Amino acid sequence: MKAFSIRCDSPILIAEFTQPHAMLSWSLTRPGFTSASSVAWLHVRDDDLPLGLDPVQFLRDRMSAAGLDDAVHLMTSRDIRKYHGAEASAGFATASSLATVGLGNATRIGSAPVLHERAGTVNLLVHVNRPLSQAAFVETISIAAQARTVALIDCRWRPRGEVVTGTGTDCIVVAAPPGNPKEQFAGLHTDIGTAVGRAAYDAVTFGAKAWIAEQSSLDLAER
2 MKAFSIRCDS PILIAEFTQP HAMLSWSLTR PGFTSASSVA WLHVRDDDLP
52 LGLDPVQFLR DRMSAAGLDD AVHLMTSRDI RKYHGAEASA GFATASSLAT
102 VGLGNATRIG SAPVLHERAG TVNLLVHVNR PLSQAAFVET ISIAAQARTV
152 ALIDCRWRPR GEVVTGTGTD CIVVAAPPGN PKEQFAGLHT DIGTAVGRAA
202 YDAVTFGAKA WIAEQSSLDL AER
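Numbering (the working numbering), first residue to last: 2 to 224.
Laid out in structure tokens, this is it:
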């Protein structure tokens, strides 16, 4: 990726920027607007998260031990070596994305909560090459969420008869460089919206198709 370097040192995956970037996410440990030079994924297994454990403190402790206190933190049961990236440009805007995709607890928007035997989540980082206003950040994260959802719909994963639209633990991070002037708009009719939508859609699609193929192989092996 041109926007950031990728370092995979299991159980941690890191996207590193050359300078601090403005970010918006609903990360467990650093939600909302913040500034960071990296986004870090922690791969966890069921045994790592027993009942009664505080997942937020657990994530903080593990990232601190790795020297990543200042990163925006994500947590996933997906093998972080199986990440997928994509890049897209439209006019003056370039977007770069990095995703890990697991659909073990996927569901459909508006459906009643369902207990799942397997964990899974979609963690998505999208970088835009232009400084963004707060309003544009919010619009960008909405575009990334749309792209995630459409990608899953197009993959037509139907674990319970209905096409899924996400998981109960998805997280999205949007990153943009500091500076002025800031872009004020990032909707579907803008270059930023077009680039973000394509890059996010492609990364999630690649990841979802890979995960679905793995499940199909496991199902065949168990027959």
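Heads up, the beta-carbon is just placed ideally off N, CA and C, and yes, glycines get one too. Nothing here was measured: the structure is a model prediction, and the numbers come from that model.
Per DSSP, the bridge partner or partners of Leu133 = As a working mapping, residue 133 is identified with position 132 in the sequence shown. Looking at the DSSP assignment, Leu133 forms a beta bridge with Glu184.
Measure from the alpha carbon of Arg31 to the alpha carbon of each residue in Pro160, Arg61, Phe5 and Ala187, then state which is nearest.
-> Mapped onto the sequence shown, residue 31 falls at position 30. The shortest C-alpha separation from Arg31 is found at Arg61.
In chain order, which continuous runs of the beta strand (DSSP E) of length 3 or greater are located wholly inside the region 51-83?
-> Complete beta strand (DSSP E) runs here, min 3: 73-77.
Looking at the unbroken beta strand (DSSP E) that takes in Met24, where does it start and where does it end?
-> Within the sequence shown, the letter at position 23 stands for residue 24. Ile13 to Ser26 is the extent of the beta strand (DSSP E) around Met24.
Check whether the region 5-13 touches the region 40-57, taking contact to mean three or more Cβ pairs, one atom from each stretch, closer than 8 Å.
-> yes
Neighbour-count burial assignment, Asp10, 16 or more Cβ in a 10 Å radius = As a first step, residue 10 is located in the sequence shown; it is residue number 9 there, counting from the start. Its Cβ having fewer than 16 others within 10 Å, Asp10 is exposed.
Who are the Cβ neighbours of Ala201 in its own chain at under 7 Å, not counting the five residues just before and after it?
-> Within the sequence shown, the letter at position 200 stands for residue 201. Ser98, Leu125, Val127, Ala145, Ala148 and Arg149, listed in sequence order.
Are Ser28 and Val73 close, meaning C-beta to C-beta below 7 Å?
-> Position 27 of the sequence shown, counted from the first residue, corresponds to residue 28. Position 72 of the sequence shown, counted from the first residue, corresponds to residue 73. In contact: Ser28 and Val73 (Cβ atoms closer than 7 Å).
Thinking C-alpha only, which one of Glu88, Gly167, Ile173 and Gln135 is nearest Thr195?
-> Reading the sequence shown from its first residue, position 194 is the one you call residue 195. Ranking Glu88, Gly167, Ile173 and Gln135 by Cα distance to Thr195 puts Glu88 first.
Ignore the nearest five residues each way along the sequence and tell me which others in Lys210's own chain have a CB closer than 7 Å to its CB.
-> The count along the sequence shown starts at 1 and reaches residue 210 at position 209. Correct list, in chain order: Cys156.
Beta-carbon gap between Asp171 and Thr122 smaller than 7 Å | Translated into the one-based positions of the sequence shown, residue 171 becomes position 170. Translated into the one-based positions of the sequence shown, residue 122 becomes position 121. Yes, they are a contact pair.
Can you tell me where the beta strand (DSSP E) with Phe34 in it begins and where it stops?
-> Locating residue 34 in the sequence shown gives position 33, counting from the first residue. Element bounds for Phe34: Gly33 to His44.
Roughly how many angstroms lie between the CA atoms of Arg161 and Asp70, to the nearest whole one?
-> Walking along the sequence shown from the start, residue 161 turns up at place 160. Walking along the sequence shown from the start, residue 70 turns up at place 69. Each residue's Cα considered, the two are about 39 Å apart.
Is Ala100 near Val164, with beta carbons less than 7 Å apart?
-> Your numbering for residue 100 matches position 99 in the sequence shown. Your numbering for residue 164 matches position 163 in the sequence shown. Result no, Cβ atoms of Ala100 and Val164 do not sit closer than 7 Å.
Which residue comes first and which comes last in the beta strand (DSSP E) that contains His85?
-> Against the sequence shown, residue 85 aligns to sequence position 84. His85 -> beta strand (DSSP E) spans His85 to Ala91.
Compare the C-alpha of Gln20 against each of Ala136, Gly86, Gln216 and Gly180 and name the closest.
-> In the sequence shown, residue 20 corresponds to position 19, counting from 1. That would be Gly180, whose Cα lies nearest to the Cα of Gln20.
Does DSSP put Asp10 in a helix, a strand or coil?
-> Within the sequence shown, the letter at position 9 stands for residue 10. Looking at Asp10 - three-state DSSP - the assignment turns out to be strand.
Sorted by chain position, which residues of the same chain lie with C-beta nearer than 7 Å to Ser134's C-beta, five sequence neighbours on each side aside?
-> The sequence position of residue 134 within the sequence shown is 133, counting from 1. Closer than 7 Å at Cβ, skipping near neighbours: Lys183, Glu184 and Gln185.
Tell me whether the beta-carbon of Ala137 lies closer than 7 Å to the beta-carbon of Ala187.
-> Counting from one through the sequence shown, the residue named residue 137 turns up at place 136. Counting from one through the sequence shown, the residue named residue 187 turns up at place 186. It is a contact, given that the beta carbons lie within the stated cut-off.
Nearest-angstrom Cβ-Cβ length linking Asn130 and Thr168, presumed shorter than 8 Å | Within the sequence shown, residue 130 is the residue found at index 129, counting from 1. Within the sequence shown, residue 168 is the residue found at index 167, counting from 1. Between Thr168 and Asn130 the Cβ distance is about 29 Å, and since that is not below 8 Å, they are no contact.
Select from Val57, Ser90 and Asp55 the residue whose C-alpha is nearest the C-alpha of Val197.
-> Within the sequence shown, the letter at position 196 stands for residue 197. Taking only the C-alpha atoms, the option nearest Val197 is Ser90.
Are the Cβ atoms of His44 and Gly208 separated by less than 7 Å?
-> Walking along the sequence shown from the start, residue 44 turns up at place 43. Walking along the sequence shown from the start, residue 208 turns up at place 207. No, they are not a contact pair.
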